[in-house]
């Protein structure tokens, strides 16, 4: 694919009126207008103190049932710092996580290059970590990171009983347990338990504001007060203690309050879309029904054909179905992440099913 | 000072209508309204690509006369990364900078804790680095950081000839030269030379958008394309490659374009304020006239008395003169940073002189 193909496709998707994924595309002007409405002139924090940012930290700590929390620009920063601190406390440099962990795949090995930590990959990359994977660990580790849900394999979740058993395994061995809760918000309907109960299994929890919540950017790390105070020092070292972050904090607070009550609705939306896709010959899903609002779909056609067909549909129907694909090892198949938010609600079942069938027909033509 | 005293003072300063420093207090709502006016829905970058952010990188690279530039959330991040890369290139772990360098005072030693670099402090902490300080360096260093102007000692600047001689010293020895240009924008009137000429002495340059420019936050690191590409990898490791940063990029671009032409005016404003202060018995200045828009003033009274007097003036005249002090080792004196931007232009000479005299009279009463 050359850059003009990419540009042509992006233009087609930008011209759409309705969208399958999340809450539709990022709209700078609309978001800034909204924030300008919400803001007062006293909302700005200064180097992380005061303003909406400090209020948000308290609000999220309470929501997660943790005594302290710190807002950071990114989860990459928050999680490296959390793992670093757990490693220091354990006086061990080895940390354990799933082979598809964000730290392993998307952070240019910051945990190793900046913090001198070593990774011990746990479990098989095509399923979530299970208790026997932990029992089989041959070396002591400082901390274990569990990602809820496991994004790279289509948003799979362990059962609560599995989770509790793994937490108990860690507790007994003095292994700190950290939650990559980038998509924790979406897990509550599946577990049917309040956030504090889920988080109480973990020593530290990271949550994101820009994924299902659709805020601009930003993350919170929550845990014990002394842990969070030490995290603030490392945040400064990372260059993440900015003179002010009020646009991110305002956006995070607003979308948290607006969208957190909608998680069950998003999960139901994902189940609806999954059912429609599953009814089409040749399409496979990572799970059906999905435990959260997100899943992966595998189409019986190469990525270029799929994107070209989706572009044609965007031009003709002004609906953006699939705007990008995920890496996929199997020739002739393409993988797509589908994450349901507000946007898909504007497309009725009948129309969506018909668009999906047209998509596959065009792609395989 | 207890927290209620601090709160009472902050409230008095917040209630002011005019301000001595910079562009007045940070106003979240006003800034967001402005950005909402400026923004379009296509302004958002995605993980640092596209949108206003990418345009700003090109714009600033051109402005500084460097072939490439990368936007980062903070100077702390940008400078550690620059020094790390220079250290790698030189295969040496020692970097040199002034004893009051930001890396030494305000970053919790991130350069050491995250990057394993060692600092060699150069020169006396009460004046800028001079060529003999470099000649006296007993060990080889990977890189030398020069801060223009040297903020912590009241914004002092070396002459252009001194600067060029130090750059030549570095060039001959294969020592990379990095500019902490957090306040570079303000230096142009003093040197009377275009930015590219100043920057051509340096291998890498960091500039800030929130100091004299008054944007929300953010920084740019500029240099050779391969250097900047490597910096992007480290930015990701630091957790500084955010899903989007459009509020910061939009604000940076706007205030850069609006305020860059005003630098000579701000310098003249600082000269005016310095002259008014210097005419009052017992007040000392870091330099007079100041080479940039910024200087330090030393009052013949303790910090608590000075702030209390300034609070009284804020309540009575609705003018915020001095809202905080700097650390000062000399008992009975207090140190204040004065940085002139748009705000001071609303206070005429006669009134300002009279307010300063009232301030000292109240503080020493």
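Chains as they are written, first to last, in our numbering: chain B, 10 to 374; chain Y, 10 to 374. Each residue gets a CB set at the ideal place from its N, CA and C atoms; glycine is no exception.
Proximal residues of chain Y, C-beta to C-beta of residue i below 7 Å
{"i": "residue 252/B", "result": "219, 226"}
{"i": "residue 89/B", "result": "248"}
{"i": "residue 116/B", "result": "245, 246"}
Residues near residue i by beta carbon distance below 7 Å, same chain, minus five either side
{"i": "residue 225/B", "result": "40, 219, 256, 257, 260"}
{"i": "residue 278/Y", "result": "302, 349, 353, 354"}
{"i": "residue 297/B", "result": "283, 287"}
{"i": "residue 190/Y", "result": "157, 214, 215, 216"}
C-beta neighbour in chain B for residue i, strict 9 Å
{"i": "residue 102/Y", "result": "no"}
{"i": "residue 85/Y", "result": "yes"}
{"i": "residue 127/Y", "result": "no"}
{"i": "residue 265/Y", "result": "no"}
{"i": "residue 65/Y", "result": "no"}
{"i": "residue 3/Y", "result": "Summary: the structure shown does not reach residue 3/Y, with chain Y confined to residues 10 through 374, and so no result is reported for it."}
{"i": "residue 259/Y", "result": "yes"}
{"i": "residue 34/Y", "result": "yes"}
Backbone CA spacing between residue i and residue j [nearest angstrom]
{"i": "residue 103/Y", "j": "residue 180/Y", "result": "17 Å"}
{"i": "residue 62/B", "j": "residue 82/B", "result": "11 Å"}
{"i": "residue 31/Y", "j": "residue 80/Y", "result": "23 Å"}
{"i": "residue 122/B", "j": "residue 118/Y", "result": "16 Å"}
{"i": "residue 100/B", "j": "residue 183/B", "result": "12 Å"}
{"i": "residue 209/B", "j": "residue 74/B", "result": "7 Å"}
{"i": "residue 168/B", "j": "residue 200/B", "result": "8 Å"}
{"i": "residue 263/Y", "j": "residue 65/Y", "result": "10 Å"}
{"i": "residue 249/B", "j": "residue 237/B", "result": "14 Å"}
{"i": "residue 159/Y", "j": "residue 367/Y", "result": "31 Å"}
{"i": "residue 98/Y", "j": "residue 38/B", "result": "42 Å"}
{"i": "residue 309/Y", "j": "residue 291/Y", "result": "6 Å"}
{"i": "residue 67/Y", "j": "residue 21/Y", "result": "42 Å"}
{"i": "residue 87/Y", "j": "residue 120/Y", "result": "11 Å"}
{"i": "residue 221/B", "j": "residue 171/Y", "result": "55 Å"}
{"i": "residue 240/B", "j": "residue 116/Y", "result": "13 Å"}
{"i": "residue 138/Y", "j": "residue 161/Y", "result": "13 Å"}
{"i": "residue 295/B", "j": "residue 319/B", "result": "21 Å"}
{"i": "residue 19/B", "j": "residue 372/B", "result": "18 Å"}
{"i": "residue 45/Y", "j": "residue 275/B", "result": "29 Å"}
Other residues of its chain near residue i: CB distance less than 8 Å, five sequence neighbours each side excluded
{"i": "residue 95/Y", "result": "104, 151, 152, 185, 187, 212, 213"}
{"i": "residue 252/B", "result": "55, 56"}
{"i": "residue 60/B", "result": "51, 52, 53, 54, 253, 255, 258"}
{"i": "residue 327/Y", "result": "24, 25, 26, 27"}
C-beta neighbour in chain Y for residue i, strict 9 Å
{"i": "residue 119/B", "result": "yes"}
{"i": "residue 82/B", "result": "yes"}
{"i": "residue 351/B", "result": "no"}
{"i": "residue 243/B", "result": "yes"}
{"i": "residue 142/B", "result": "no"}
{"i": "residue 23/B", "result": "yes"}
{"i": "residue 60/B", "result": "yes"}
Neighbouring residues, chain B, relative to residue i (Cβ below 7 Å)
{"i": "residue 44/Y", "result": "41"}
{"i": "residue 255/Y", "result": "37"}
Same chain, Cβ closer than 6 Å to residue i, five either side skipped, listed in chain order
{"i": "residue 243/Y", "result": "90"}
{"i": "residue 307/B", "result": "293, 342, 344"}
{"i": "residue 312/B", "result": "334, 343"}
{"i": "residue 69/B", "result": "78, 229"}
{"i": "residue 231/Y", "result": "70, 73, 75, 78, 214"}
Interface partners of residue i on chain Y, CB under 8 Å
{"i": "residue 113/B", "result": "By Cβ distance, chain Y contributes nothing, its closest Cβ being about 13 Å from residue 113/B, past 8 Å."}
Identity of the residues DSSP links to residue i by a beta bridge
{"i": "residue 55/Y", "result": "58/Y"}
{"i": "residue 19/Y", "result": "None; residue 19/Y has no bridge partner."}
{"i": "residue 104/B", "result": "128/B, 152/B"}
{"i": "residue 184/B", "result": "Answer is none; residue 184/B lacks a bridge partner."}
{"i": "residue 135/B", "result": "Answer by DSSP bridge pairing: none, since residue 135/B is not bridged."}
{"i": "residue 81/B", "result": "228/B"}
{"i": "residue 305/B", "result": "346/B"}
{"i": "residue 201/B", "result": "Residue 201/B pairs with nothing; no bridge assigned."}
{"i": "residue 27/Y", "result": "328/Y"}
{"i": "residue 215/Y", "result": "189/Y, 230/Y"}
{"i": "residue 33/B", "result": "31/B"}
Where residue i meets chain B, residues with beta-carbon distance less than 8 Å
{"i": "residue 123/Y", "result": "123, 124, 246, 247"}
{"i": "residue 52/Y", "result": "37, 38"}
{"i": "residue 49/Y", "result": "37, 38"}
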